[in-house]
Amino acid sequence: MKNLSSRTASWLMLGAVLSSVLIYFFPLWQITLYAPQYPQGIRMYIWINKITGDDPYTLQNINILNHYVGMKDIDPHAVPELSYFPFVLAGIIFLGLIAWIIKNRWFYLTWAILYAILGAIAIYDFYQWEYDYGHHLSPTAPIKVPGMAYQPPLIGMKHLLNFTAISLPHWATFFLALSILLGVIAYYCCRSSYNKRNTDQQPVVPDTLKSSFVLFHE
Amino acid sequence: MKPKQFFLSRLQLLWVWGFAALFAWLLQACHSSQSGAIQHSDAAEAVYVPPGKYDEFYAFLSGGYNGQVSVYGLPSGRLFKIIPVFSVNPENGYGYSEETKPLLMTSYGFIPWDDAHHSELSQTEGVPDGRWLFINANNTPRVARIDLKTFETVETIEIPNSAGNHSSPFVTENTEYVVAGTRFSVPTPQEDVPIDSYKKNFKGVLSFIKVQPSGNMDLAFQVMMPGFDYDLAHAGKSKSKDWVFFTCYNSEEAHTLLEVNASQKDKDFVAAINWKKAEEYVQQGKYHQMPGIYYDNRFDTSTQTAHSIVHQGVKVLIPSECPGLVYFIPAPKSPHGVDVDPSGNYIVANGKLNADLSVFSFDKIQQAIEQKQFDGNVDGIPVLKFDAVLAGVVKSGGLGPLHTEFDDKGNAYTTFFISSEVVKWKLGTWQVEDRQPTFYSPGHLMIPGGDSHKPWGKYLVALNKITKDRYLPTGPELCQSAQLFDISGDKMKLLLDFPTVGEPHYAQAIPASILMPRSDKIYSLANNKNPFVTKTEKDAKVVRTGRRVDVYMTEIRSHFVPDNIEGIRLGDTVYFHVTNIEQDWDAAHGFAVEGNQNNAELLLMPGQTKTLKWIPQRVGVFPFYCTDFCSALHQEMQGYVRVSPANEQIALTWSTGKE
Numbered sequence: 004m005k006n007l008s009s010r011t012a013s014w015l016m017l018g019a020v021l022s023s024v025l026i027y028f029f030p031l032w033q034i035t036l037y038a039p040q041y042p043q044g045i046r047m048y049i050w051i052n053k054i055t056g057d058d059p060y061t062l063q064n065i066n067i068l069n070h071y072v073g074m075k076d077i078d079p080h081a082v083p084e085l086s087y088f089p090f091v092l093a094g095i096i097f098l099g100l101i102a103w104i105i106k107n108r109w110f111y112l113t114w115a116i117l118y119a120i121l122g123a124i125a126i127y128d129f130y131q132w133e134y135d136y137g138h139h140l141s142p143t144a145p146i147k148v149p150g151m152a153y154q155p156p157l158i159g160m161k162h163l164l165n166f167t168a169i170s171l172p173h174w175a176t177f178f179l180a181l182s183i184l185l186g187v188i189a190y191y192c193c194r195s196s197y198n199k200r201n202t203d204q205q206p207v208v209p210d211t212l213k214s215s216f217v218l219f220h221e
Numbered sequence: 000m001k002p003k004q005f006f007l008s009r010l011q012l013l014w015v016w017g018f019a020a021l022f023a024w025l026l027q028a029c030h031s032s033q034s035g036a037i038q039h040s041d042a043a044e045a046v047y048v049p050p051g052k053y054d055e056f057y058a059f060l061s062g063g064y065n066g067q068v069s070v071y072g073l074p075s076g077r078l079f080k081i082i083p084v085f086s087v088n089p090e091n092g093y094g095y096s097e098e099t100k101p102l103l104m105t106s107y108g109f110i111p112w113d114d115a116h117h118s119e120l121s122q123t124e125g126v127p128d129g130r131w132l133f134i135n136a137n138n139t140p141r142v143a144r145i146d147l148k149t150f151e152t153v154e155t156i157e158i159p160n161s162a163g164n165h166s167s168p169f170v171t172e173n174t175e176y177v178v179a180g181t182r183f184s185v186p187t188p189q190e191d192v193p194i195d196s197y198k199k200n201f202k203g204v205l206s207f208i209k210v211q212p213s214g215n216m217d218l219a220f221q222v223m224m225p226g227f228d229y230d231l232a233h234a235g236k237s238k239s240k241d242w243v244f245f246t247c248y249n250s251e252e253a254h255t256l257l258e259v260n261a262s263q264k265d266k267d268f269v270a271a272i273n274w275k276k277a278e279e280y281v282q283q284g285k286y287h288q289m290p291g292i293y294y295d296n297r298f299d300t301s302t303q304t305a306h307s308i309v310h311q312g313v314k315v316l317i318p319s320e321c322p323g324l325v326y327f328i329p330a331p332k333s334p335h336g337v338d339v340d341p342s343g344n345y346i347v348a349n350g351k352l353n354a355d356l357s358v359f360s361f362d363k364i365q366q367a368i369e370q371k372q373f374d375g376n377v378d379g380i381p382v383l384k385f386d387a388v389l390a391g392v393v394k395s396g397g398l399g400p401l402h403t404e405f406d407d408k409g410n411a412y413t414t415f416f417i418s419s420e421v422v423k424w425k426l427g428t429w430q431v432e433d434r435q436p437t438f439y440s441p442g443h444l445m446i447p448g449g450d451s452h453k454p455w456g457k458y459l460v461a462l463n464k465i466t467k468d469r470y471l472p473t474g475p476e477l478c479q480s481a482q483l484f485d486i487s488g489d490k491m492k493l494l495l496d497f498p499t500v501g502e503p504h505y506a507q508a509i510p511a512s513i514l515m516p517r518s519d520k521i522y523s524l525a526n527n528k529n530p531f532v533t534k535t536e537k538d539a540k541v542v543r544t545g546r547r548v549d550v551y552m553t554e555i556r557s558h559f560v561p562d563n564i565e566g567i568r569l570g571d572t573v574y575f576h577v578t579n580i581e582q583d584w585d586a587a588h589g590f591a592v593e594g595n596q597n598n599a600e601l602l603l604m605p606g607q608t609k610t611l612k613w614i615p616q617r618v619g620v621f622p623f624y625c626t627d628f629c630s631a632l633h634q635e636m637q638g639y640v641r642v643s644p645a646n647e648q649i650a651l652t653w654s655t656g657k658e
């Protein structure tokens, strides 16, 4: 019979996996552009597998505005990451499930570290794309402002000519961070249960809420 | 004691001054309540809509002799849009583009102008619902329907056997029918007869146009009436919902100098028509099939193209053969407007050469019909006894009542053309409650929902025919005006006075909260089924078929594809099929080409395709350009079309961005 903390860790790991699944259903990042002609703003959403906007025409409308300063069209089909990132995530989820099944605390930690590294790479990759769009401008652009680049911020607000760009993580990034966090906590949880294994014989409480209560009191 | 006496006398002096001030204030208050004007700053605040904020109501004012509808905001009086309906509008290509030309087709051919009188919102259960706006053409009889998603004319239907479609286009309670009564009686069917055979040969038809759930209109039937002038109409509501009431003048049946000859009888009529009965008679086949060619022009929103359907023949009911279909109610002095109160019980006939208003009761009308209280008949139409159906008389003290609208508190408001005022009176007591001058001579008046089952009785707009000294003079031709009153209190308060476009007759208004969410932002390019659409720049092309050249062209900020066209020859007819491939709100483009005889420009909203015909007149290279300041590089949005002599064999080529 397993002790409480080991069970808690198992629940946490399952939570981490489910939270990772949610990444498919929410955008990772949101970039909002404001201009005098767009008082309500134009919103662009970056997902694990696509780029969308307020309506089906948002990307086209942003591209029309961007072409005046020589920026390339934002074309989701030209971003290969959007086609293979979903599979990378699927792999992570698969590994997470294995970790959950074999219930090895070192597996938990390895999983979380791998996840964090891949997440950081993804964010760096996103930054690279932003840099590319913002700096590689057409030499025949109708509007050329010397020294001006149009890279939106990774996080935060930036004024780009007539536009104010606000870039912020969205729900899926939160779920990604939560997954990693849960993986790390599961590792620590297991470690403490290992330490107490021989002394602590408490009754089983299969309730997740109770588990988290225990978690916070350790 | 002396100082004390002195003190008292100073106190008395204070009292005197106090009384004097009070008297002066009372005098002032009395004076201002007489003139009805409120403090300027209060009025300004009441109509002030801060920049970026929205008006509370949309108002649709008919354009009269400009053949259009103007859309204003209330209470600000700001003009938002002019919707072309019965007149060509070179400004946006309405009536010039190949897609819209059919909307102005009639059995007489293409008619580029008309006189649009009465706007009428579609209703559901007697309440304006914001689906469509109808408006009549008075000169060449037609009724048009405007879609309030796009604020564009989407249908025009011609009325055969009619002449001067004035008592139109009033709707029944659930927009089952739109009515169209003739103001001028004519030989029906038309024939070559002496004018002085009027009494023998002239008839007046009242038409009922069925409105389908899709909005499409079909001429259902006509009622052949005596040769009077059918002036205005309104449908009943609630208990009177099966009836439509038409006023008429010239029951004298004069055909010349009507000013005198049609003003001789003490009473003319309100014709009460039971349209449910009419439907039954039509179903029973008790109609006469009469000749009459008429056009029904429908704008298909998916192809963005109008098509004409030509109809032949119409079902006509003869009242003498259809008992219970029509009754005449005697109404004093050439009645003009006929208005039904929100309950549907009271029918107000505004006798335009009279001082008083006659109000009839629907209950009494039903009773009189049941008890056969008739005063003879006209051409087999029973005339109801005046006293048997009269509910009350409003002793107005004014002269020349024309139209009445209602608020939601049991009050009625009537315009008086001759005495130039609006008079407020109470339904049931028939007592005058208030009167305010207008500047000058109002025709119609309008309260949002004021002819419906549910008036929004906050504002009243009087539509004045004469402005004289009210604005900066603009030579001999002056504008008409609208005057906005606050009617939320016991007394009407004049808030605003603003000039109008054309000559508004009737108007309608509806809360912005109903209409605003319905308004489209763009036309969907994906759903654009125009046969000449060009959805992407790659699809742009130029096609020659004999002497006809079709240019499939796109517009997007800030260029055309193609913008260089060669291989056009003198004698060709060129059709520019231009598609605005933008899908961004308010990203409009225009298109114009030099030397386009008898033609105009195109304005294209996002996702829209329109076609402009161009017959080159000369050899040379001619520019075309975007006419709507679309973007920072709007001035660069231009192109060239080369026209070669008729016998030159220049290859047909087209491109954009090729050096």
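These protein sequence lines are chains C and G, in that order. For the first sequence, the working numbering assigns the number 4 to the initial residue and increments by one for each residue that follows. For the second sequence, the working numbering assigns the number 0 to the initial residue and increments by one for each residue that follows. Cβ coordinates follow ideal geometry from the N, Cα and C atoms, glycine included. Predicted, not measured: the structure shown is a model, and the values here were computed from it.
- What Arg556(G) touches in chain C, judged by beta-carbon distance under 9 Å, is Ile67, Leu68, His70, Tyr71, going in chain order.
- Within the segment 138-184 of chain G, the complete beta strand (DSSP E) segments at least 3 residues long are 141-146, 151-157, 164-166, 176-181, listed from N- to C-terminus.
- The beta carbon of Pro142(C) does not come within 8 Å of any beta carbon belonging to chain G, so the residue lies off that interface.
- Around Ala599(G), the same chain offers Pro89, Gly92, Tyr95 as residues with beta carbons nearer than 7 Å, after the five sequence neighbours per side are excluded.
- The C-alpha of His588(G) lies about 7 Å from the C-alpha of Asn579(G).
- For Asp450(G), the secondary structure class from DSSP, reduced to helix, strand or coil, is coil.
- Going by C-alpha positions, Val192(G) is about 24 Å away from Val259(G).
- Look at Pro436(G) here: in three-state DSSP terms it is strand.
- Comparing alpha-carbon positions, the option among Glu420(G), Phe385(G), Leu514(G) lying closest to Leu401(G) turns out to be Glu420(G).
- Three or more Cβ pairs drawn from the segment 454-466 of chain G and the segment 427-442 of chain G lie within less than 8 Å of each other, which places the two stretches in contact.
- When the five nearest sequence neighbours on each side are left out, the beta carbons in the same chain lying within less than 6 Å of the beta carbon of Phe88(C) are those of Ile51, in order along the chain.
- In summary, no residue of the segment 93-120 of chain C has a CB separated from any CB of chain G by less than 9 Å.
- Residues of chain G with a Cβ closer than 7 Å to the Cβ of Tyr60(C) are, in chain order, Gln582, Asp583.
- With fewer than 16 other beta carbons inside 10 angstroms of its own, Phe628(G) counts as exposed.
- By the neighbour-count criterion, in which a residue is buried when 16 or more other Cβ atoms sit within 10 angstroms of its Cβ, Leu426(G) is buried.
- At a beta-carbon threshold of 7 Å, the residues of chain G lying near Pro145(C) are Leu632, ordered along the chain.
- Under a 10 Å Cβ-count criterion, Gly488(G) is classified as exposed, with fewer than 16 other Cβ atoms of the shown protein chains found around its own Cβ.
- According to the DSSP assignment, Thr61(C) belongs to no beta strand (DSSP E) but to the alpha helix (DSSP H) extending over 61-70.
- Residue range 373-377 is occupied by the beta strand (DSSP E) that includes Asn376(G).
- Every unbroken stretch of the alpha helix (DSSP H) spanning 4 or more residues and falling wholly within the segment 332-395 of chain G is given here in chain order: 361-369, 385-388.
- Residue burial annotation: Glu190(G) is exposed, with fewer than 16 other C-beta atoms found within 10 angstroms of its C-beta.
- Annotated three-state conformation of Asp128(C) is helix, per DSSP.
- Counting C-beta pairs closer than 8 Å gives fewer than three between the segment 326-336 of chain G and the segment 275-293 of chain G, which falls short of the contact rule.
- For Ser307(G), the uninterrupted beta strand (DSSP E) run begins and ends at 304-316, by DSSP.
- Leaving aside the five residues that flank His254(G) on each side, the residues in its chain whose CB is nearer than 7 Å to its CB run, in chain order, Ile194, Asp195, Tyr197.
- DSSP places Gln482(G) in the uninterrupted beta strand (DSSP E) bounded by 479-485.
- For Tyr639(G), same chain residues with a beta-carbon under 8 Å away, outside a window of 5 residues either side, are Asp562, Asn563, Ile564, Val620, Phe621, Pro622, Phe623 in chain order.
- Not flagged as an interface residue toward chain G: Gln33(C), since no C-beta distance is shorter than 8 Å.
- The alpha-carbon separation between Pro142(C) and Tyr71(C) amounts to approximately 11 Å.
- Cβ neighbours of Ser557(G) within its own chain (closer than 8 Å, five residues either side excluded): Cys625, Cys629, Ser630, Ala631, Leu632, His633, Glu635, Met636.
- Sequence-distant partners of Ser22(C) (beyond 5 residues in either direction) whose C-beta falls short of 6 Å from its own C-beta, in its chain, are Phe178, Leu181, Ser182.
- Asn64(C) belongs to the set of residues whose beta carbon lies under 8 Å from a beta carbon in chain G.
- By the Cβ-count criterion, Glu658(G) is exposed, with fewer than 16 other Cβ atoms from all chains shown falling within 10 Å of its own Cβ.
- Each residue's CA atom was taken as its position, placing Gln482(G) and Lys408(G) some 21 Å apart.
- In the pairwise beta carbon analysis, the segment 127-136 of chain G is classified as not touching the segment 489-503 of chain G: fewer than three pairs are separated by under 8 Å.
- In the same chain as Val560(G), and ignoring 5 residues on each side of it, the C-beta atoms closer than 7 Å to its own belong to Glu536, Ala539, Met552, Thr553, Thr655, in chain order.
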